[in-house]
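Report on the following structure.
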Amino acid sequence: MLRVENLNVHYGGIHALRGITLDVEEGKIISLIGANGAGKSTTLRAIMGLEKPSKGKIIYNGKDITGKQTKEIVKSNLVLVPEGRRVFTNLSVIENLILGSYIRNDAKEIQKDLDWVFELFPILKSRQEQKAGTMSGGEQQMLAVGRALMTKPKLLMMDEPSLGLAPLIVKNIIEIIKKINQEGVTILLIEQNAKASLEISDYAYVLETGEVFMEGKGMDLLNNEEVKKAYLGT
1 MLRVENLNVH YGGIHALRGI TLDVEEGKII SLIGANGAGK STTLRAIMGL
51 EKPSKGKIIY NGKDITGKQT KEIVKSNLVL VPEGRRVFTN LSVIENLILG
101 SYIRNDAKEI QKDLDWVFEL FPILKSRQEQ KAGTMSGGEQ QMLAVGRALM
151 TKPKLLMMDE PSLGLAPLIV KNIIEIIKKI NQEGVTILLI EQNAKASLEI
201 SDYAYVLETG EVFMEGKGMD LLNNEEVKKA YLGT
């Protein structure tokens, strides 16, 4: 579904990505783990057209999308939930969600997906008229995910969805990610809670200083002694 080949990104004199190669198989949950500054977010931003690669290719559903504009990538049903939520704080919950469907014109399907979002996140249904900026961090994260789902993504990329949230909310977010995947949405996930991420991942890549250091099935990496010491605190 998605293949990243030899991806390189420079920030001025900084070589942020150094030949990243990875595959995202349709219907799977794929995780990127690694320390801060390893290149995880830069990888997602480059896929999304928010960073310009200096070398390499990004192939999505058989088409080369390297260097394409972000709005064109979104239209191909590839969507990013950015780190830090980035909801429209002065708009209501329902306005944020409707904005997520701005590229669509299938009213009946939009309503169907809105109902699905409310099923996943009942709190959003009860807070439809509330300004997003007055919600808690966990509620804003739910809104950010819901807004992304309103684009009807085939591949949903998520950057640190549990960052700064209470453990109970983190558990809820992880369960929601599993439910979204079970509905047929492929997931490419960056998650600070490496243990939780690997537990639900079909496959994962470990990034270090802009390179793929290790890769394998989620459970295999979860039980890898090197990964345990470096990222799982054991």
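By full-length UniProt numbering, the letter at position 139 of the sequence shown is numbered 139, and the numbering carries on one by one without gaps. Every residue gets a Cβ at the ideal spot worked out from N, C-alpha and C, and that includes glycine. A quick note: this is a predicted structure, and the numbers were derived from the prediction, not measured.
### Message
Restricting to runs no shorter than 4 residues, where is the alpha helix (DSSP H) found entirely within the region 58-145?
### Response
70-75, 93-99, 107-120, 122-126
### Message
Bridge partners for Ile33 per DSSP, in chain order?
### Response
Val206
### Query
Tell me which same chain residues have a C-beta within less than 6 Å of the C-beta of residue 260, skipping the five on either side of it?
Examination of residue 260 is not possible in this model, given that the chain is present from 1 through 234 alone.
#### Entry: Val93 vs Leu143 beta-carbon contact at 7 Å
yes
### Task
Report yes if the C-beta distance between Lys40 and Ile169 is below 7 Å; otherwise report no.
no
#### Entry: Integer-rounded CB distance, given that Met1 should sit under 8 Å from Arg61
According to the sequence shown, residue 61 is Asn rather than Arg. With 8 Å as the limit, Asn61 and Met1 qualify as a contact, their Cβ atoms being about 6 Å apart.
### Message
Quick check on Tyr11: buried or exposed, where buried means 16 or more other Cβ atoms within 10 Å of its Cβ?
### Response
exposed
### Message
Less than 7 Å between C-beta atoms, sequence neighbours within five positions excluded: which residues of the same chain meet that for Ile103?
### Response
Val74, Lys75, Thr151
### Query
What is the DSSP secondary structure of Lys28, counted as helix, strand or coil?
coil
### Message
Given a cut-off of 7 Å on the beta-carbon distance, is the pair Val206 and Met214 in contact?
### Response
yes
### Task
Please determine if the region 26-40 and the region 80-91 are in contact, where contact requires at least 3 C-beta pairs separated by less than 8 Å.
no
#### Entry: Cα-Cα separation, Ile123 to Asn36
32 Å
### Query
According to DSSP, which residues form a beta bridge with Gly216?
Ala204
### Candidates Val4, Leu44, Trp116: closest to Lys179 by CA position
Trp116
### Message
Here's the rule: buried if 16 or more other CB atoms are within 10 angstroms of the residue's CB, otherwise exposed. What is Ile14?
### Response
exposed
#### Entry: When Leu32, Gly210, Arg147, Pro161 are compared against Leu91, the one with the closest alpha-carbon
Arg147
#### Entry: Residues bridged to Glu211 [DSSP beta-bridge criterion]
Glu208
### Task
Whole angstroms is fine: what's the gap from Gly164's alpha carbon to Asn6's?
32 Å
### Query
Any idea what DSSP makes of Lys55, helix, strand or coil?
strand
#### Entry: Nearest to residue 242 (by Cα), restricted to the options Glu129, Val79, Lys125, Leu149
Because residue 242 is not part of the residues shown, which for the chain are 1 to 234, the question remains open.
### Query
Contact check, Gly34 vs Lys52 under 8 Å by CB: the rounded distance?
Actually they do not touch by this definition, with Cβ atoms about 22 Å apart.
### Task
Output the boundary residues of the alpha helix (DSSP H) element that contains Glu5.
Element bounds for Glu5: not the alpha helix (DSSP H) but the beta strand (DSSP E), 2-11.
### Query
At which residues does the beta strand (DSSP E) containing Thr186 begin and terminate?
186-190
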